[in-house]
Amino acid sequence: MSRNRTERLVNLVICLLSTRRFLTAAQIAATVPGYEHDPNDAKDHEAFQRKFERDKAELRELGVPLETGTASVFDAEPGYRIAPREYALPDIPLEPDEAAAVGIAARLWQHAGLAAAASSGLAKLRAAGVDVDPQATLGLEPMVTVDPAFAPLTAAARDRREVNFDYRVPDRDAPSRRRLQPWGVVCWRGRWYVVGHDLDREATRCFRLSRVVGAVRVTGQPGAYEPPARVDLISHVARWSGPVERTGRATVLVAPGRAAGLRRWAVSSTAGPDGDRLVLPYADSDYLAGQLVGYGPDVRVLEPPEVREAVIQRLKEIAARHDELAVAGGAR
């Protein structure tokens, strides 16, 4: 199944789970990304109907309880929905390592592009006056996101294609160009890394994705190289990164009773009239900023300036991303 069809089916399921009433094919076409067409064009509309029929059959084959009915006796056209009670999974006990794997998958959801399209579709439902179940949208956009370089590097590693990118090293003023045959992308201690063969240094190297500057450029043909058999990417990253030394100290102001995770992390806490001042040990300002922005207005950085600036930059990136999604949603 193609990526586009997979995304369309996922968004169709989310759409039909999120509404309390039956949606007609026309409403679905106007809401779910992938069904855009001109209903006044007979050929275009026929192509949509074939696509929609195939997708309905696919969902039913997968065991999705797709219901057909009408919202009232006055409706001539049938509609569709998925009853959450019929689709919900029973409680699934997970071991700690299994829960961790599910957590990583949830973090990747947003970057895979599915959450953005789903959220856009739900916004269209609300704009059209459709009653949307607010509980159905929980978890669509996790706070934790991956770096912009994640998607192109992951795709290049999958397709065995060479890439080049500009890479910033902390002790140098300007980034340098790197040429790499990527073997894979892994997460280590809360950061994402790409491991592969550095073409200029003729050696195995790993690079932290948050230090990639600008776009990753794919230069090679698919299947241009073959990674070593049974290569342990995590071991490469662990040897390269070494132990994490949290020598930095950041002071943040936390709203009373909020940010329990930061309170456990803090080495000291002082109560005040405007909130609690926590001192947090850290090794990397970018990583700390990524943790802090998830708490929203409940946390404000007081010092040092490097952490405050990193948080501001993260917030600007989030705002820009949401602006792009809003523009893309309005264009559909």
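The numbering of the sequence shown is the working numbering, which starts it at 896 and goes up by one.
Glycine residues also receive a C-beta, built at the ideal position from the N, C-alpha and C atoms.
Would you call the region 1146 to 1158 in contact with the region 1108 to 1119, where contact means no fewer than 3 C-beta pairs closer than 8 angstroms? Contact fails: fewer than three Cβ-Cβ distances are below 8 angstroms.
Within 9 angstroms, strictly: CB atoms of L1175 and R1144: yes
What separation, rounded to the nearest whole angstrom, lies between the Cα atoms of C1082 and D1179? Taking the straight line from one Cα to the other gives about 15 angstroms.
Distance, Cα to Cα, L1183 vs C1101? 21 angstroms
E962 - partner residues in DSSP beta bridges: R976
Would you tell me roughly how many angstroms separate the C-alpha atoms of V1126 and Y1088, rounded to the nearest one? 15 angstroms
Can V863 and F1060 be called in contact, C-beta distance under 9 angstroms? Here the chain comprises residues numbered 896 to 1227, so residue 863 is not present and cannot be evaluated.
Cβ neighbour criterion (16 or more within 10 Å) applied to A1154: Taking all protein chains shown into account, A1154 has 16 or more neighbouring C-beta atoms within 10 Å of its C-beta and is therefore buried.
Let's test the definition: count the other Cβ atoms within 10 Å of the Cβ of I923 and tell me whether it reaches 16, buried, or not, exposed. buried
Bridge-paired residues (DSSP) for Y1182: In DSSP, Y1182 forms no bridge with anything.
In or out: R1072 buried (at least 16 other Cβ within 10 Å) or exposed? exposed
Can you give me the Cβ contacts of S1164 inside the same chain, cut-off strictly under 6 angstroms, excluding the 5 residues immediately before and after it? D1171, L1173
Quick check: what's the CA-CA separation for Q1005 versus P1043? With a pLDDT of 48 at Q1005, under the threshold of 50, the modelled position of that residue is not reliable, and the figure given next carries that caveat. Each residue's alpha carbon lies about 12 angstroms from the other.
Would you kindly check if the distance between the Cβ of L1094 and the Cβ of E1121 is under 9 angstroms? no
Per-residue DSSP class, three states only, for T919: coil
Measuring CB to CB, does V927 end up less than 9 angstroms from L907? yes
Should Q1076 be labelled buried (16 or more other beta-carbon atoms within 10 Å of its own) or exposed? buried
Spatial neighbours of E1201 within its chain, please: CB distance less than 7 angstroms, with the 5 preceding and 5 following residues excluded, ordered by chain position. S1180
Answer yes or no: do G964 and F917 have a C-beta to C-beta separation smaller than 9 angstroms? yes
R976 and L961 closer than 9 angstroms at C-beta: yes
Whole-Å CB distance - P1047 paired with V1111, under 8 angstroms assumed: 4 angstroms
Rounded separation between A925 and A1124 - CA only: 47 angstroms
As assigned by DSSP and simplified to three states, the class of H1131: helix
Roughly how many whole angstroms lie between the Cα atoms of V1080 and S1105? C-alpha separation (whole angstroms): 12 angstroms.
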